[in-house]
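Q:
Numbering (the numbering used here), first residue to last: 1 to 591.
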């Protein structure tokens with residue numbers, strides 16, 4: 001045993017009434033270490049745990065050590081003889097080290113039988129004791145279970161009929177988890193439904209489990225299952241395997257005469273599944289096989305098919321194709337990557353086509369089922385296909401790099417030309433035109449710097465001097481550049497459009513009339529813009545021949561046509577507004 005374990009235990013003892021015990025333990029520490037070493041040397045694989053029990057009043061100044069032995073494979077002598085012999089030897093080892101050592105010994109089977117006989121004094125002492133040696137974590141499991149049980153009984157004593165530990169806990173087996181079951185009496189519930197009672201108690205009991213783990217510092221997953229009494233009985237009657245196993249192997253840490261009678265009746269063969277449960281189990285095999293066949297179909301229909309189809313569609317989208325349909329995907333993969341670009345071998349398109357055929361044949365019931373071997377073959381082909389598609393992605397990206405850099409430059413140049421045109425700047429030197437707008441305060445100087453970097457990137461790429469990281473930087477900066485200028489264009493156009501827009505009010509609605517040189521757009525409802533008309537402006541200012549139009553046509557007209565500097569509203573224009581919106585139309589100024 002490492003000395004730190006006892007030291008930590010000593011630090012944990014804070015009660016002023018235990019000062020004497022702390023002093024004695026500090027003095028006895030090296031002796032406890034020696035006792036453990038000698039005991040393990042003699043009975044290593046049989047010692048399940050060593051614990052330090054709280055001192056009895058009559059044993060003041062003495063150290064009470066408890067040793068739990070594993071007697072599961074005892075064959076040469078009966079349990080009682082084995083216990084007496086182990087006790088005698090253990091007591092002798094302790095006496096050689098210190099006469100003040102009190103030794104208590106128990107067999108694993110004895111501990112389990114005590115619980116069956118409703119004798120919980122020993123497990124209670126283990127819960128209060130300080131663990132010295134616990135290779136299988138059995139003592140830790142008992143300790144956290146006892147602390148949790150005490151908390152549960154204190155709060156819900158009226159409702160708890162049994163608190164049961166999983167059988168593995170008392171088999172001395174090394175386990176990662178600690179499992180306990182709490183059975184709640186729901187036969188006298190009146191104020192709430194049984195389900196509400198179960199969920200309410202379950203939430204509190206599980207939260208108490210977290211508290212117990214924090215108190216005991218047991219570093220194991222503590223699983224708590226809460227069952228109501230009526231559901232538990234239904235589970236036994238219906239031959240639920242979980243309940244039968246729990247009843248057969250569980251060990252009660254608390255029982256109000258419910259669990260043990262059931263357990264004994266099960267051992268006597270008096271608890272048997274109902275005829276309905278037997279019939280259900282008889283048909284289970286066929287149902288399971290049907291379920292297996294269905295899941296094999298699902299592996300293809302929900303997993304393999306989409307696993308190869310989605311990356312194929314992604315490859316086409318990366319190339320620049322709009323998301324294609326599944327059927328189009330196969331055709332486009334062959335047309336673009338096999339024939340046109342010569343980036344992909346035809347056998348991989350054949351794999352994609354084969355998997356889609358399987359998928360469609362199952363969907364249309366041409367094939368009723370698929371075997372495990374066929375799934376394995378398709379999985380292997382799918383894996384090969386996906387590895388090749390990953391390489392295809394790299395090939396596409398490399399090919400697209402040059403196109404991207406050139407496209408980024410061309411798109412940026414076009415947007416800059418639009419900005420200059422919008423501001424009536426005629427300059428073959430784009431940078432000089434940019435500088436004029438910066439001087440006017442229309443644009444930020446940083447945009448000119450980005451544009452110069454885009455021009456330089458295009459030149460460097462053609463010379464092979466641009467790395468992938470630099471290309472990514474160009475893409476990022478170009479997005480900011482184009483987004484900023486597009487926002488600027490939209491703002492500028494919107495501001496100019498306001499100059500030629502009449503805002504009107506009629507019938508508790510707001511409309512707009514946008515006047516160009518010879519064309520007018522009429523928007524019936526400014527908030528929705530779903531009904532838009534288009535008419536001609538006569539020489540006298542009247543709006544005539546209004547026909548159905550739409551937002552798309554309006555936006556295209558604004559983009560293509562120059563917005564007039566001045567708009568004159570004539571008498572006939574007012575008369576046209578009355579014709580369009582009604583006699584109660586009002587013009588809004590500064591709205």
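From the three backbone atoms N, C-alpha and C, an ideal C-beta is built for every residue, glycine too.
Residue 223 bridges to which residues according to DSSP?
A: 179
Q: So does the region 136-154 actually touch the region 46-63, counting three or more Cβ pairs closer than 8 angstroms?
A: yes
Q: What is the DSSP secondary structure of residue 16, counted as helix, strand or coil?
A: Annotation note: pLDDT 46 at residue 16 (below 50); position unreliable, coordinate value reported separately. Of the three classes helix, strand and coil, the one that applies to residue 16 here is helix, per DSSP.
Q: What did DSSP end up calling residue 385 once you bin it into helix, strand or coil?
A: helix
Q: Taking only three categories from DSSP, how would you classify residue 240?
A: In the three-state reduction of the DSSP assignment, residue 240 falls in the coil class, being assigned neither a helical nor a strand state.
Q: Residue 165 and residue 251 - do their beta-carbons sit closer together than 8 angstroms?
A: yes
Q: Pull up the DSSP beta-bridge partners for residue 107, would you.
A: 69
Q: My understanding is that residue 520 touches residue 543, with C-beta atoms under 8 angstroms, so please give their C-beta distance in whole angstroms.
A: 5 angstroms
Q: What number of angstroms, rounded off, separates the C-alpha of residue 502 from the C-alpha of residue 449?
A: 40 angstroms
Q: Going by the DSSP bridge assignment, what does residue 560 pair with across the sheet?
A: For residue 560, which the question treats as bridged, DSSP gives no partner whatsoever.
Q: Buried or exposed: which applies to residue 433, given that a residue is buried once 16 or more other Cβ atoms fall within 10 Å of its Cβ?
A: buried
Q: When the distance is taken between beta carbons, is residue 296 closer than 8 angstroms to residue 358?
A: no
Q: Measure the CB-CB distance between residue 336 and residue 319 and report whether it falls below 8 angstroms.
A: yes
Q: Put residue 394 into one of helix, strand or coil per three-state DSSP.
A: helix
Q: Given this structure, state the Cα-to-Cα distance separating residue 483 from residue 504, to the nearest angstrom.
A: 33 angstroms
Q: Which residues does DSSP list as the beta-bridge partners of residue 520?
A: Looking at the DSSP assignment, residue 520 forms a beta bridge with 515 and 535.
Q: In its own chain, which residues sit with a C-beta less than 7 angstroms from the C-beta of residue 1, not counting the 5 before and 5 after it?
A: Reliability of the predicted coordinates at residue 1 is poor, the pLDDT of 42 falling under 50, and no value is obtained from them.
Q: Give a yes or no on contact between the region 149-162 and the region 94-108, applying the rule of three or more CB pairs nearer than 8 angstroms.
A: no
Q: May I have the straight-line CA-CA distance separating residue 235 from residue 243, to the nearest angstrom?
A: 6 angstroms
Q: Taking residue 124 as part of the beta strand (DSSP E), name the residues at either end of that continuous run.
A: In this chain, residue 124 is not harboured by any beta strand (DSSP E); it is covered by the alpha helix (DSSP H) spanning 121-128.
Q: Please name the residue, chosen from 514, 126, 285 and 89, that lies closest to residue 40 on a Cα-to-Cα basis.
A: 89
Q: Looking at the unbroken beta strand (DSSP E) that takes in residue 586, where does it start and where does it end?
A: 586-588
Q: Is residue 549 helix, strand or coil by DSSP?
A: strand
Q: Just the Cα atoms here: how many angstroms apart are residue 327 and residue 345?
A: 19 angstroms
Q: For residue 3, does the three-state DSSP call read helix, strand or coil?
A: Confidence is the limiting factor: at residue 3 the pLDDT is only 46, short of 50, which leaves the residue's position unreliable, though a coordinate-based value still follows. Helix at residue 3.
Q: Kindly indicate which three-state DSSP category residue 409 falls into: helix, strand or coil?
A: helix
Q: For the region 435-515, which segments carrying the beta strand (DSSP E) assignment without a break, of at least 3 residues, lie completely within its bounds, in sequence order?
A: 501-506 and 509-515
Q: Pull up the distance between the alpha-carbon of residue 586 and that of residue 506, whole angstroms please.
A: Here the C-alpha atom of residue 586 lies approximately 7 angstroms from the C-alpha atom of residue 506.
Q: Going straight from the alpha carbon of residue 579 to that of residue 531, what length do you get?
A: Cα-Cα distance, rounded: 17 angstroms.
Q: Got a sec, what are the start and stop residues for the beta strand (DSSP E) residue 255 sits in?
A: It spans 251-255 - the beta strand (DSSP E) in which residue 255 sits, taken as one unbroken run.
Q: Do you know offhand how far residue 467's Cα is from residue 392's?
A: If you draw a straight line from the Cα of residue 467 to the Cα of residue 392, it comes to about 20 angstroms.
Q: Which residues in the same chain as residue 554 place their Cβ atom closer than 7 angstroms to its Cβ, once the five residues preceding and following it in sequence are excluded?
A: 521 and 532
Q: Can you tell me whether residue 364 is buried or exposed? The criterion is at least 16 other CB atoms within 10 Å of its CB, across all chains shown.
A: exposed
Q: Could you tell me whether the Cβ atoms of residue 518 and residue 537 are closer together than 8 angstroms?
A: Against a cut-off of 8 angstroms, the Cβ pair of residue 537 and residue 518 comes out as a contact.
Q: Nearest-angstrom Cα distance between residue 31 and residue 102?
A: CA-to-CA, the gap between residue 31 and residue 102 works out to about 13 angstroms.
Q: Please list the terminal residues of the continuous alpha helix (DSSP H) segment that includes residue 353.
A: It spans 346-363 - the alpha helix (DSSP H) in which residue 353 sits, taken as one unbroken run.
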